[in-house]
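Participant: Below you'll find the structure I mean.
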Amino acid sequence: MRRGVVAYRLGKSQIAVARTQADIAERNWRTANEKVVLDLLERRLAIYDGIRDVIGEAIDRVPFLFGPEVKTYVDGLAQHMNQLGLAYTTLDDPNCPDRGKWAQIRSDEFLAVTKFYAESDAVFGPYLRARQRIE
Numbered sequence: 010m011r012r013g014v015v016a017y018r019l020g021k022s023q024i025a026v027a028r029t030q031a032d033i034a035e036r037n038w039r040t041a042n043e044k045v046v047l048d049l050l051e052r053r054l055a056i057y058d059g060i061r062d063v064i065g066e067a068i069d070r071v072p073f074l075f076g077p078e079v080k081t082y083v084d085g086l087a088q089h090m091n092q093l094g095l096a097y098t099t100l101d102d103p104n105c106p107d108r109g110k111w112a113q114i115r116s117d118e119f120l121a122v123t124k125f126y127a128e129s130d131a132v133f134g135p136y137l138r139a140r141q142r143i144e
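The opening position of the sequence shown corresponds to residue 10 in this note's numbering, with each subsequent residue numbered one higher.
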């Protein structure tokens, strides 16, 4: 009988230790997952800041080198970049209300920014020919 009590207590202790180990493992996983999420956010922000720096520098120089239509275009591009950044920041919040709405905004703004590659030749082209257009 005594061996049965000892075995029962030992088994109960092992269960408690296993639960503690499982809790620790889950906390470690959560910590590692949060680190991955933060690392990804930092990388996204670095890219976003780099793009904003380039756009910001362009916006500062455009009025002196191009006509008003280019300034209007670049200002619009900067607005799309700002909205895109806001959408990414909002969607990074796991408690984000209206996730569908913000996902759609992110998609729309991303497409608007990438249109630069299709639209830029028409906007900047007149200024980039051998015979420069002077305003």
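From the three backbone atoms N, C-alpha and C, an ideal C-beta is built for every residue, glycine too.
For the segment 56–113, list the beta strand (DSSP E) runs that are entirely contained and at least 3 residues long, ordered along the chain.
Facilitator: none
Participant: By a C-beta neighbour count over all protein chains shown, 10 Å radius and 16 as the cutoff for buried, is Leu93 buried or exposed?
Facilitator: With 16 or more other Cβ atoms within 10 Å, it is buried.
Participant: Let me check understanding here. Comparing Cα to Cα, which of Glu78, Arg53, Gln23, Val83 lies closest to Glu66?
Facilitator: Selected option, being the one with the closest Cα: Val83.
Participant: Which residues bound the alpha helix (DSSP H) around Tyr136?
Facilitator: Counting along the chain, Tyr136 falls outside any alpha helix (DSSP H), and DSSP gives it neither H nor E.
Participant: Count the other C-beta atoms from every protein chain shown that fall within 10 angstroms of the C-beta of Glu35, then say buried if there are 16 or more, exposed otherwise.
Facilitator: exposed
Participant: Whole angstroms are fine: how far does the CA of Trp111 sit from the CA of Leu100?
Facilitator: 7 Å
Participant: What whole-angstrom Cβ distance do Ile68 and Ala87 have, given they're in contact under 8 Å?
Facilitator: 6 Å
Participant: Should Ala121 and His89 be called a contact, given that it needs their Cβ atoms to be closer than 8 Å?
Facilitator: yes
Participant: Please classify Ala96 as buried or exposed, where buried requires at least 16 other C-beta atoms within 10 Å of its C-beta.
Facilitator: It is buried - the Cβ of Ala96 has at least 16 other Cβ atoms within 10 Å.
Participant: Hey, how far is the Cα of Leu54 from the Cα of Val46?
Facilitator: 12 Å
Participant: Among Gly134, Thr98, Ala131, whose alpha-carbon lies nearest the alpha-carbon of Arg52?
Facilitator: Ranked by how close their Cα comes to the Cα of Arg52, the residues Gly134, Thr98, Ala131 have Thr98 in first place.
Participant: Could you compute how far the alpha carbon of Ala25 sits from the alpha carbon of Asp102?
Facilitator: Answer to the nearest angstrom: the Cα atoms are 35 Å apart.
Participant: Express the C-alpha separation of Arg11 and Tyr17 in angstroms, rounding to a whole number.
Facilitator: So the two alpha carbons sit approximately 10 Å from each other.
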